[in-house]
Every structure is written in structure tokens, then in C-alpha cells.
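This is the structure we're talking about:
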């Protein structure tokens, strides 16, 4: 590859790192920057980015980065364990453990991102992108970026599970699961006070999951929506969660929709179908998040007949 092509690869990676971190801005568990700077809350690997800048050899920089990876995995384990405990038993001790673990994990994600940016910046120097090892080095950094991207998605998913758990507890008081009751309970949760955890509510409200609920509610309330279309829409969201999401089997909405679909058979008589309905109602189709639109585009033939197709958990 040419010099310009090599440099462009680094610039693209740097831009992706900036963009993915911006997507995490609303997921910051710290209420303000001064809280984040408290010495007694800083994680042990927080100094590694500076150490990387003090090294000249690429191998030495990578050795420091791999120290960050090891510590990162430990902090992630503490975070996921804290979320699991809080989902199982919501008490003061588990809340405190979660608050500490989520802040540490957020810092670990930031440190990982900072290190990758520094390594990318180093590759942008003439001595690197003109060197014979450039392709191997940029390949390594692109692989590490994909790892960071996956970990940020995991972070968001784990946080959203806490919001959904609160709704599941409320839904247990209802005798019958319907699309209307699911949407209503999610909307009620938005209006409740979350105190210092308001950022969790904000994160969820801007998530694909919230948009999927909005789509189901808009569709269900439409005057042209019949029983089969409603059931097919629920199956669409359910199947998308299961088939295309890395952590789909843990989704509370997926489990709720699975229960809603239990025993649902194609109704007798003349009914429409979801694919045709969405062709006639572009506004409702546009309310779908991009991930759901893509899944529907690939699988829309399943929703053009008088059938109910459901993947199983």
C-alpha cells in the first residue's frame, strides 16, 4: 500500500475511536468530572496511557497495553458479577457494589480507548506508517478496536438489563401480558425517580430496545392493525433479539415477548400480514430502529403469510 493509504487507515481508526466513545457519553456513571478525579477511586491502570507515551519501541508500548487488557478483564468480571447480584437481590449492599464496579469498569473502558488512541497516533508518525511492520501493527489495532466495540456494547446491555428488571418486577402484578401492558410499564418506568442512577434511565430511553417498544406500541394502537399483524410484529422483535444480538438470550423484552407468543396460532378468517402493513404505513416502519429494519429486510418473507414464526430461547 502507498504512504497515503497507510495514513488513511490510521485516520479512519482514530475517527472510529472518537465516535464510539461519544456514543458512551450518556452512559457515564459519574455525575461530574471532579468525582471521577478522586484519587481513591482511580483504577490501578489509569497511569498506563502516560507510560505508553514514555516508550519509543512499539513492542514496549504493546507490552504495557497488554497489562491494561489483563486488568480490564478483571474489572469486567467484577462488573458483571455486581450486575448479576443486583438483578438477583436488590439490596443496599449489592447497590453499593454495583456503583463501585460500574465506575471502575467505565474507567477501564476509557483507559482501553485512550491506549488505543495513543497507539494509533504513534502509527501515524512517519517512522511507523513507512515501516515494514505497519500492516501487522494496524491489523492488531483494528482487532483491538473491535474488541473495545464489543465491550462497550456489552456494557450498555448489562446496564439496560437493570432498567428492564425493574419493569419485569412491575409486570409480575399483571395477570395477562399484552403489547399494551408492556409498553405502558416501560413508559411508567421513565417517569419514576432514579436518583443518582438517572443516567441509566437516559441510556435505556435512547437505546434500540426502547425504540422497539415504541414501534410495537404504535403498531398495536393503529386502527388498521389486526390480531395477526400484532402477533407477527411481536414475533419479529422477539426473533431479532434472539437471532442477531450477542446477548439476546438475556433480554427481558425478548423473554416477555416469548411469553406473549406462547400458544399463539394463526387466527381463522381473513387477516393482513406485517410486511404488507408496513408497506402501507411508512411512518410506523420508520419508527423501527435501524437494527430491526435490517433484520426485517433480510427476513421479511416470514411475515408475508398467515403464519406466526417464532425462534425459541
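Residue numbers (full-length UniProt numbering): 1 to 313. Just so you know, even glycine gets a beta-carbon here, dropped at the ideal spot from N, CA and C. Please read these numbers as outputs of a predicted model, since none were measured by experiment.
*Are the CB atoms of residue 64 and residue 74 nearer to each other than 7 Å?*
Taking the chain shown and counting its residues from 1, one reaches residue 64 at position 64. Taking the chain shown and counting its residues from 1, one reaches residue 74 at position 74. No, the Cβ-Cβ distance between residue 64 and residue 74 is not below 7 Å.
_residue 178 burial status per 10 Å Cβ neighbour count (16 or more: buried)_ = Taking the chain shown and counting its residues from 1, the one referred to as residue 178 is at position 178. Exposed is the call here.
*Look up residue 154 in the DSSP assignment and say whether it is helix, strand or coil.*
Within the chain shown, numbered from 1, the residue matching residue 154 stands at position 154. Reduced to three states, the DSSP call for residue 154 is helix.
*When the Cα atoms are used, what is the spatial distance from residue 141 to residue 13?*
In the chain shown, counting from the first residue as 1, residue 141 sits at position 141. In the chain shown, counting from the first residue as 1, residue 13 sits at position 13. Going from the Cα of residue 141 to the Cα of residue 13 covers about 8 Å.
*Tell me whether residue 23 is buried or exposed, calling it buried when 16 or more other Cβ atoms sit within 10 Å of its Cβ.*
Numbered from its first residue, the chain shown carries residue 23 at position 23. That one is exposed.
*Would you call the CB atoms of residue 97 and residue 108 closer than 7 Å?*
Here residue 97 corresponds to residue number 97 of the chain shown, with the count starting at 1. Here residue 108 corresponds to residue number 108 of the chain shown, with the count starting at 1. For residue 97 and residue 108, no; Cβs fall outside 7 Å.
_I'd like the list of long-range same chain contacts for residue 68, defined as Cβ closer than 7 Å, with 5 residues on each side in sequence excluded._
Taking the chain shown and counting its residues from 1, the one referred to as residue 68 is at position 68. Correct list, in chain order: 45, 48, 111, 112, 115.
*Work out the CA separation of residue 277 and residue 225 for me, nearest whole Å.*
Taking the chain shown and counting its residues from 1, one reaches residue 225 at position 225. Taking the chain shown and counting its residues from 1, one reaches residue 277 at position 277. C-alpha separation (whole angstroms): 8 Å.
*Just curious, the alpha helix (DSSP H) that residue 295 is in, first and last residue?*
Sequence index remark: in the chain shown, residue 295 carries index 295 (1-based). Here the alpha helix (DSSP H) through residue 295 covers 290–299.
*asked:* Contact defined as beta carbons within less than 8 Å: I believe residue 233 pairs with residue 261. What is the distance between those atoms, to the nearest angstrom?
replied: Taking the first residue of the chain shown as 1, we reach residue 233 at position 233. Taking the first residue of the chain shown as 1, we reach residue 261 at position 261. Their Cβ separation, rounded to whole angstroms, is 11 Å, which puts residue 233 and residue 261 out of contact at 8 Å.
*In whole angstroms, what is the alpha-carbon distance linking residue 301 and residue 236?*
Counting from one through the chain shown, the residue named residue 301 turns up at place 301. Counting from one through the chain shown, the residue named residue 236 turns up at place 236. Their Cα atoms are separated by approximately 11 Å.
*Please classify residue 177: does DSSP put it in a helix, a strand, or coil?*
As a working mapping, residue 177 is identified with position 177 in the chain shown. In this structure, residue 177 counts as coil in the three-state DSSP scheme.
_Sequence ranges, alpha helix (DSSP H) only - wholly within the region 103–147, length at least 4_ = 126–129
*asked:* Helix, strand or coil, according to DSSP, for residue 43 in the structure here?
replied: The residue given as residue 43 occupies position 43 in the chain shown. Residue 43: coil per DSSP, three-state reduction.
_Exposure of residue 93, with buried meaning 16 or more beta-carbon neighbours within 10 Å_ = Residue mapping note: residue 93 aligns to position 93 of the chain shown, counting from 1. Classification of residue 93: exposed, given that the 10 Å Cβ count is below 16.
*If we ignore side chains and look at the alpha-carbon of each, how far apart do residue 72 and residue 59 end up?*
By 1-based counting over the chain shown, the position of residue 72 is 72. By 1-based counting over the chain shown, the position of residue 59 is 59. Rounded to the nearest angstrom, the two C-alpha atoms are 20 Å apart.
*At which residue ranges does the region 186–265 contain complete alpha helix (DSSP H) runs of 4 or more residues, listed in the order of the chain?*
198–205, 208–221, 227–244, 252–261
_As assigned by DSSP and simplified to three states, the class of residue 3_ = As a position in the chain shown, residue 3 is number 3, starting the count at 1. It is helical.
_Suppose the cutoff is 7 Å on Cβ atoms and the five residues either side in sequence are ignored; what does the same chain contact list for residue 117 look like?_
One-based indexing of the chain shown puts residue 117 at position 117. Correct list, in chain order: 14, 17.
*Is residue 57 helix, strand or coil by DSSP?*
Translated into positions along the chain shown, residue 57 becomes position 57. Residue 57 falls in the coil class under three-state DSSP.
*Confirm, please, whether the CB-CB distance from residue 104 to residue 200 is below 7 Å.*
Translated into the one-based positions of the chain shown, residue 200 becomes position 200. Translated into the one-based positions of the chain shown, residue 104 becomes position 104. For residue 200 and residue 104, no; Cβs fall outside 7 Å.
_Whole-angstrom distance between residue 4 and residue 62, CA atom to CA atom_ = Counted from its first residue, the chain shown places residue 62 at position 62. Counted from its first residue, the chain shown places residue 4 at position 4. Cα-Cα distance, rounded: 24 Å.
_Between which residues of its own chain and residue 163 is the CB-CB distance below 6 Å, once the five residues before and five after are set aside?_
Here residue 163 corresponds to residue number 163 of the chain shown, with the count starting at 1. Here the set comprises 200, 204.
*Along the alpha helix (DSSP H) that carries residue 90, what are the first and last residues, could you check?*
Position 90 of the chain shown, counted from the start, is the residue given in the question as residue 90. It is not in any alpha helix (DSSP H) - residue 90 carries neither H nor E in the DSSP assignment.
*Secondary structure at residue 100, three-state DSSP: helix, strand or coil?*
Here residue 100 corresponds to residue number 100 of the chain shown, with the count starting at 1. Helix at residue 100.
*Between residue 217 and residue 160, what straight-line distance do the alpha-carbon atoms span, to the nearest angstrom?*
Reading the chain shown from its first residue, position 217 is the one you call residue 217. Reading the chain shown from its first residue, position 160 is the one you call residue 160. C-alpha separation (whole angstroms): 20 Å.
*Is DSSP giving residue 287 helix, strand or coil here?*
Locating residue 287 in the chain shown gives position 287, counting from the first residue. Three-state result, residue 287: coil.
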